[in-house]
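Note sheet for the following structure.
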Amino acid sequence: MGLVEAETRGGAIWIWLNRPDRHNALVPALVSELRSAIAEAATAEPVALVLSGRGSSFSTGGDIGGFLDHAGSQATLRAYSDELVGSLHETILDLLSFPAPVVAAVNGPVTGGSAGLMLAADMVAMSGTAFVQPYYNQVGFGPDGGWTALLPDRIGTSKALAIQYRNTRISASEAVELGLAVCQVPGAELVATVDDWVVDLGKGFAQTHRTTRQSVWDARRCAMVRDRLDQEKARFLDLVSRQSTLDGMKEFTRKRA
1 MGLVEAETRG GAIWIWLNRP DRHNALVPAL VSELRSAIAE AATAEPVALV LSGRGSSFST
61 GGDIGGFLDH AGSQATLRAY SDELVGSLHE TILDLLSFPA PVVAAVNGPV TGGSAGLMLA
121 ADMVAMSGTA FVQPYYNQVG FGPDGGWTAL LPDRIGTSKA LAIQYRNTRI SASEAVELGL
181 AVCQVPGAEL VATVDDWVVD LGKGFAQTHR TTRQSVWDAR RCAMVRDRLD QEKARFLDLV
241 SRQSTLDGMK EFTRKRA
């Protein structure tokens, strides 16, 4: 069983993050499988691409354990972080350039850089137990995954900064109010809700959906996002190799042991 699973439902390709024992936390192998699944889906001309997570979480961002496992030296930790954050950012760009609508079925918590997978989606449905939260200032990391590259454009700079400075937990209902999600539904109805969206999307011309996406995420805008994501990664790498961040990771892990 892989770290990512894909299935076809009603003309859509569903991609599931499949590391439920670790709350679908991101490690390089998972992100690599995710990129491969997205690339394969792009060739199949689906009605839509749907992202979701197995278990109780959508994804809790980069696995702190993975960072600590590579913290034997600054060079090793920096190389691991470069691979993980760089691959995550390429995944976000893959989603923004996907040739069909992208939907996120957010089944549970979304924290850290995994928020980028949600921010890259066109339509988001969230279960009542789902929430979004940065956590960066609880560990000492720099924001990645689009928290500074994408979120301010979505909800405004002031709100985006306040959420990160205060480590605010955004509930599903608040995400709807902010425009980050279309709707909040009971967890048991999440898949059916997205299935209904796919039916609606299937009634329209795929060429129109594709052109609409390309008009929103044109080459110029995607280049700007790439530049901002590159800045996020550079700042992440600067902070991750500091002793204060290593201490923050250890303390964060200890509190959740």
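Following this note's numbering, the numbering of the sequence shown begins with 1 at its first residue and continues without gaps.
C-beta atoms are modelled at their ideal positions from N, C-alpha and C, and glycine is treated no differently.
How long is the line joining the alpha carbons of residue i and residue j, rounded to whole angstroms?
i: Ala-41; j: Trp-14; result: 9 angstroms
i: Gly-61; j: Gly-108; result: 12 angstroms
i: Leu-30; j: Leu-3; result: 5 angstroms
i: Pro-186; j: Thr-245; result: 37 angstroms
i: Glu-177; j: Val-132; result: 13 angstroms
i: Arg-166; j: Met-1; result: 38 angstroms
i: Arg-169; j: Ile-163; result: 8 angstroms
i: Val-225; j: Val-182; result: 23 angstroms
i: Arg-9; j: Ser-73; result: 45 angstroms
i: Val-50; j: Arg-228; result: 25 angstroms
i: Thr-211; j: Lys-250; result: 47 angstroms
i: Asp-196; j: Arg-213; result: 20 angstroms
i: Ser-87; j: Glu-232; result: 13 angstroms
Among the candidates the options, whose CA atom is the shortest distance from the CA of residue i?
i: Tyr-80; options: Leu-237, Leu-246, Thr-43; result: Leu-237
i: Tyr-75; options: Arg-256, His-209, Gln-243; result: The sequence given here has Ala at residue 75, not Tyr. Taking only the C-alpha atoms, the option nearest Ala-75 is Gln-243.
i: Trp-217; options: Arg-78, Gly-72, Ser-59, Leu-119; result: Leu-119
i: Asp-200; options: Ser-87, Gly-86, Pro-101; result: Pro-101
i: Val-27; options: Ser-73, Gln-164, Ala-105, Thr-91; result: Thr-91
i: Gly-179; options: Arg-256, Met-126, Arg-22; result: Met-126
i: Thr-148; options: Asp-94, Asp-195, His-89, Val-191; result: His-89
i: Gln-207; options: Asp-227, Ala-48, Trp-16, Tyr-135; result: Ala-48
i: Pro-20; options: Ala-219, Ser-59, Ala-44; result: Ser-59
i: Pro-99; options: Ala-12, Asp-247, Ala-192; result: Ala-12
Give me whichever residues DSSP pairs with residue i in a beta bridge.
i: Ala-105; result: Ala-125
i: Val-185; result: Ser-127
i: Leu-17; result: Val-4, Gly-53
i: Ser-59; result: Val-110
i: Leu-68; result: Looking at the DSSP assignment, Leu-68 forms no beta bridge with any residue, so it has no partner.
I think residue i touches residue j, with their Cβ atoms under 8 angstroms apart; what is that distance to the nearest whole Å?
i: Asp-63; j: Arg-22; result: 6 angstroms
Is any heavy atom of the ligand GTP found at a distance shorter than 7 angstroms from the C-beta of residue i?
i: Gln-207; result: This structure simply doesn't include the ligand GTP, nor any ligand for that matter.
Complete runs of the beta strand (DSSP E) confined to the stretch 112–175 [at least 3 residues]: 123–127, 131–133
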